[in-house]
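S.K.: Here it is: the structure, laid out below.
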Amino acid sequence: MNTPLLEVSELRKHFPIKGAFGRTAGAVKAVDSVSFTLQRGTTLGLVGESGCGKSTTGKVLMRLLDPTSGSIKLDGQEISSFKGKELNAFRRRVQMVFQNPASSLNPRMSIGAAIASPMVEQGIRPPGGVTARVHDLMDRVGLRPEHANRFPHEFSGGQRQRIGIARALALDPDVVICDEPVSALDVSVQAQVVNLLKDIQRDTGISYIFIAHDLAVVKHMADEVAVMYLGKIMEQGPNKRIFADPRHPYTRALLSAVPSVDLDAALTERIRLGGDLPSPSNPPSGCVFRTRCPAHALLPATQQSRCASEVPAGEVACHFPAAPLAVPAARG
Amino acid sequence: MLSVKDLSVRFPTDDGMVAALNGMDLQLHRGETVGLVGESGSGKSVTSQAIMGLFKESKAEISGEISFEGTDLLALDEDRMRAFRGKKIGMIFQDPLSAMHPFYTVGSQIGEAYRVHNKVSRKAAKQVAIDMLGRVGIPDPKNRANSYPHEFSGGMRQRAMIAMALVCEPELLIADEPTTALDVTVQAQILDLISGLQAETNSAVIFVTHDLGVVAQLCQRVVVMYGGQCVEQASVRQIFTSPSHPYTRGLMASMPHLTGEDDRLTPIPGSPPALLDLPPGCIFADRCDVAALVPGNRCQTERPQLLSTSEHAARCHAHEMGLLPATIKAKA
Amino acid sequence: MTGFLLRRLGAMLILLLVVSFITFTLFQFGPADPAAASCGQECTPERVEQARIALGLDQPFFAQYAAFLSGLIGPRMLGAPGAEQVCAWPCLGKSFQTNENVTDMIANALPYTVSLTVGAVVLWTVVGVGLGLFAALRKGKLADRLIVGASSFGVSLPIPVTGLVLLLVFVGTLGWLPFTTNEIRSPFGEAGVFGWITNYLLAWVALAVLFSAQYVRITRNNMIETFSEDFMRTARAKGLGRGTIVFKHGVRAGITPIVTMLGLDLGAMLGGAVLTEQIFSVPGLGFTAVRAATSGDLPVTMAITMLAAFFIILFNVIVDVSYAFIDPRVRVN
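Protein chains in written order, with this note's numbering: chain A, 15 to 346; chain B, -6 to 325; chain C, 42 to 374.
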């Protein structure tokens, strides 16, 4: 079982920008050479702020969008160019849970029908019948099977998200891509859904790609973590290592920005990022983070120029991962 | 400076009367920052809007008392309330893109806020606006004052909104979830800004949020809200070291943290209340894990009062009767 | 912006060309024979044939069309071969019926249509937008319900009904207003502004009843939506006065769809409000066009059709450009 379940290599997704008279005047580099692997039965957390490309990555993995270039291998099989029948078969193995429980369910479809729809679409009849499986799934996600005939608006946000999860599990996929599944939920309900996802993983060995911007949630869910910025992965590694010993300046800035409930924790690292996010249609050359990097400013000029060159591949996408970070100014 | 007593707000809707606030109490002194914490339906936004008098001349039924520096704000009519808005009490909202007018420049909107309460020329007001933009950390304020809201990034827009709310130097700033829609690194900048400005002006701040981490970083006191009531009030340290209300405890146990162990999260079962048909007893009773400890079905039949001991108040029968299990150190 | 305007101008010319071609083609296959019609009662086949040649109808289709287009660029020769006369630019031909210069005919008819349009537009905008705004501010109350009810009623009243009723009551029975006369074309004539107004008032009211009903609806719905936007709440939280909030913040933000409608309606009306002109006997473009079309008068019909198309397209462009002035978010593109 050494082949990773999912192997993504130099994945790119560029959206062309139309100029005058329909000419292509550049591209929005939403995902720009992203590589990672997902082992069977584990969760990979894809973290980043808005505009980093994590959601787009998820959509490309699901083949909701076609990749511009790069390779996606599921169980060693290249799927990035799948079409038609092959794509259909692929869909049985990779499913998605969406962010907004209010809008990802068809308001005119009963939830029983919604959960059954993947099976109906794929023409799959489980032994025992579709209805029995729907009830079984509802039970698994903590919903009462008697409610299968109700409609989405009769449920709370947390319950609707459970329905979405049940629907994603209907075809018994190998991978479920969760695109910000708890961001729209209240905190006390978030924990319910997080626990549910973990329980399902424990019971069925399913694998997740968990996309989120909330670092604390990712810490609880993911075994491996990849931090994204402007279409690239800044740092990736095991959960414990990333949170205990972050090495990339961006990761460190991100972690220090999260307000801590530990009142006694000394504010050892208060790293503040200045400036604005560069445009993804015109990212900085070489290391895309160098325009805002707190370490960059402290480097001697000779080393600074190196940051404009291509960053070597590895767990930490940084030329100088050990460099000290700037001391912040008094006011942000 | 501000004293809210037994504030109740009810709205008529198609489904009946929604009891958004059911006897809310809040005290605030000069220079204090109070966090108003709660989930959806807790009434935290309704409280802040009621203080601003935004429900006057609407169908809402309001009772109780809001006393601001000796004046009962509820007794004022719309015209007299106007003198307070912007001048004595400033407010910032969650989504600065929709909260600012899309057709007017940022400078003119801030200038307008100033000219309502100060008789100066348009030119003078524009200069005040430019100064204010500089004060909130917007680079090149002279030119940026001529930009439109959609031309700013999310963080800059929120700074502009803060400038607009503070331009008349109000004594009280109400911040209604100002960072919820922002990235975490931007949130950190904005929180720094707010605390810095507050230190400069010694104004009081009511910070409405669902994020306990933000409260820990910014506030001296915390008011926890549930079902339109204050269920616990204490200093920040007390809330985190010895939370007294089962809801507060449940909230802390269900929140994922960056620091500390990542054991399983303990969610609060059920969902936030619908506010249409409130139970006669404690509003939290159906989700509470200690309600069973209180004899005689008291939690279901009798609504608990907010009882305070020194600085710490809680609205709970079990707490009042000393039946709460020993304080668990909140996960830090 | 210039690139945008140039592109639209180019599109306009192409569109006008297409309109003219379609109209011309429709006429070729129409039933009326203008040569026979112009000939009159005592017509012999020879005279019909003569008329046909004089009108240029013996030429092949494309030759006729090309001749027509040439008149738009420069002067053109009209009439029977041998008895040709120069028709100066812009030459839109001569009426098959009256042999008048079509350009002159249009120049005569246009002021009437403009008079009708200007007054009606002002009236329906003030009434429609005003009542719509009022209804939005009093949403749910009695005034709102009355206004919405009245607008439903107004929208279902066709011009012939309203026009005739107004004429019957105010001119026929009460005698408060005179019948419309051809003498008064603009407020700058002998009768002055007052004469101009009394002449066209009923026609304006007839049009306004119909159009303002629509405008009341659209304005009301739009304003209700705009008033619930977040920036209205912010305006209130700043301590702004009621008037400022409603007009400076609310109306300014919600006016865009109404401006669109107004522009398009204006463009369409300048092409000639056919029904109204008929009922009130106003010899404007619409009146003229109907008479020409029913008698197979190709040059006149062509000319008015193209003029109407021109106005509609022109106002479309004006509306698009005005967006950029109203809404700064549009300017980026």
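For glycine and all other residues, C-beta sits at the position ideal for the given N, C-alpha and C. Being a predicted model, the structure only gives us computed values, none of them experimental.
How many angstroms separate the CA atom of P318 (chain B) from the CA atom of M218 (chain B)?
M.R.: 21 Å
S.K.: How long is the line joining the alpha carbons of G236 (chain C) and A161 (chain C), rounded to whole angstroms?
M.R.: 16 Å
S.K.: Please classify R283 (chain C): is it buried, with 16 or more other beta-carbons within 10 angstroms of its beta-carbon, or exposed?
M.R.: Under this definition R283 (chain C) is an exposed residue.
S.K.: Within 10 Å of its beta-carbon, does G325 (chain C) have 16 or more other beta-carbons around it, so buried, or fewer, so exposed?
M.R.: buried
S.K.: I'd like to know whether the C-beta of G172 (chain A) is nearer than 8 Å to at least one C-beta of chain B.
M.R.: Judged by the 8 Å Cβ criterion, G172 (chain A) is in contact with chain B.
S.K.: Alpha carbon to alpha carbon, what distance is there between I82 (chain B) and E25 (chain B)?
M.R.: 14 Å
S.K.: Relative to chain C, which residues along the region 24 to 55 of chain B have a C-beta separation below 7 Å, given in chain order?
M.R.: M45, L47
S.K.: Please give me, in chain order, every unbroken run of the alpha helix (DSSP H) with length at least 4 that falls completely inside the region 242 to 267 of chain A.
M.R.: 253 to 258
S.K.: Check the DSSP bridge columns for Q126 (chain C) and list the partner residues they point to.
M.R.: According to DSSP, Q126 (chain C) bridges with C:L119.
S.K.: Mind pulling the alpha helix (DSSP H) runs of 4 or more residues that sit fully within the region 245 to 296 of chain C?
M.R.: 271 to 278
S.K.: How long is the line joining the alpha carbons of L174 (chain C) and V257 (chain C), rounded to whole angstroms?
M.R.: 8 Å
S.K.: With a 10 Å radius around its C-beta and 16 neighbouring C-beta atoms as the bar for buried, classify P86 (chain C) as buried or exposed.
M.R.: exposed
S.K.: I'd like to confirm the pairing. Which residues does DSSP put opposite S60 (chain B) in its beta bridges?
M.R.: Residue pairing for S60 (chain B): DSSP places it in a beta bridge opposite B:S(-4), B:D65.
S.K.: I'd like the span of the alpha helix (DSSP H) that includes D213 (chain A), first residue to last.
M.R.: 201 to 218
S.K.: Measure the CB-CB distance between L75 (chain A) and I179 (chain A) and report whether it falls below 8 Å.
M.R.: no
S.K.: For the candidate residues A:A230, A:A182, A:R122, A:P121, whose alpha-carbon lies nearest to that of V148 (chain A)?
M.R.: Nearest option by C-alpha distance: A:A182.
S.K.: Under 7 Å Cβ-Cβ, which residues of chain A neighbour I276 (chain B)?
M.R.: In chain order: nothing, as chain A lies at least about 14 Å away.
S.K.: Within this structure, are the beta carbons of A106 (chain B) and C161 (chain B) separated by less than 8 Å?
M.R.: yes
S.K.: State the Cα-Cα distance for the pair Q250 (chain A) and L229 (chain A), rounded to the nearest angstrom.
M.R.: 14 Å
S.K.: Assign I214 (chain A) to buried or exposed, taking buried as 16 or more other Cβ atoms, counted over all protein chains shown, within 10 Å of its Cβ.
M.R.: buried
S.K.: Taking CB distances under 8 Å as the criterion, tell me whether N296 (chain A) reaches chain B.
M.R.: no
S.K.: Determine, using beta-carbon pairs with one atom in the region 50 to 68 of chain A and one in the region 90 to 99 of chain A, whether at least three such pairs fall under 8 Å.
M.R.: no
S.K.: Considering only residues of the same chain and omitting the five flanking positions on each side of P262 (chain B), which have a CB-CB separation below 8 Å?
M.R.: Correct list, in chain order: R280.
S.K.: Return the CA-CA distance between I55 (chain C) and K135 (chain B), expressed in angstroms with no decimal places.
M.R.: 46 Å
S.K.: Report yes if the C-beta distance between A278 (chain C) and G36 (chain B) is below 8 Å; otherwise report no.
M.R.: no
S.K.: Curious, which full-length beta strand (DSSP E) runs of at least 3 residues does the region 25 to 108 of chain A contain?
M.R.: 38 to 52, 57 to 61, 83 to 88
S.K.: Among A:C301, A:H234, A:S274, A:T82, which one has its Cα closest to the Cα of A44 (chain A)?
M.R.: Relative to the Cα of A44 (chain A), the nearest Cα in the group A:C301, A:H234, A:S274, A:T82 belongs to A:T82.
S.K.: Would F165 (chain A) pass as an interface residue toward chain B - the criterion being a Cβ-Cβ separation below 8 Å?
M.R.: no
S.K.: Between the region 329 to 339 of chain A and the region 8 to 20 of chain B, do at least 3 Cβ pairs fall closer than 8 Å?
M.R.: no
S.K.: Restricting to Cα atoms, I'd like to know which of C:F62, C:S322, C:A176 is closest to N262 (chain C).
M.R.: C:A176
S.K.: In chain C, which residues lie less than 9 Å from M125 (chain B) when you measure between Cβ atoms?
M.R.: Correct list: empty, because the minimum Cβ distance to chain C is about 13 Å.
S.K.: For a minimum of 4 consecutive residues, which ranges assigned as the alpha helix (DSSP H) are wholly contained in the region 148 to 222 of chain B?
M.R.: 177 to 194, 205 to 211
S.K.: When the cut-off is 8 Å and only beta carbons count, does F200 (chain B) lie next to chain C?
M.R.: no
S.K.: Leaving out five residues before and five after L79 (chain A) in sequence, what residues of the same chain have Cβ atoms less than 8 Å from its Cβ?
M.R.: Taken in chain order, the residues that qualify are K27, T70, K73.
S.K.: Could you tell me the distance, in whole angstroms, from the CA atom of S(-4) (chain B) to the CA atom of L299 (chain B)?
M.R.: 15 Å
S.K.: Chain B partners of G282 (chain C), CB-CB under 9 Å?
M.R.: D72, R75, V109
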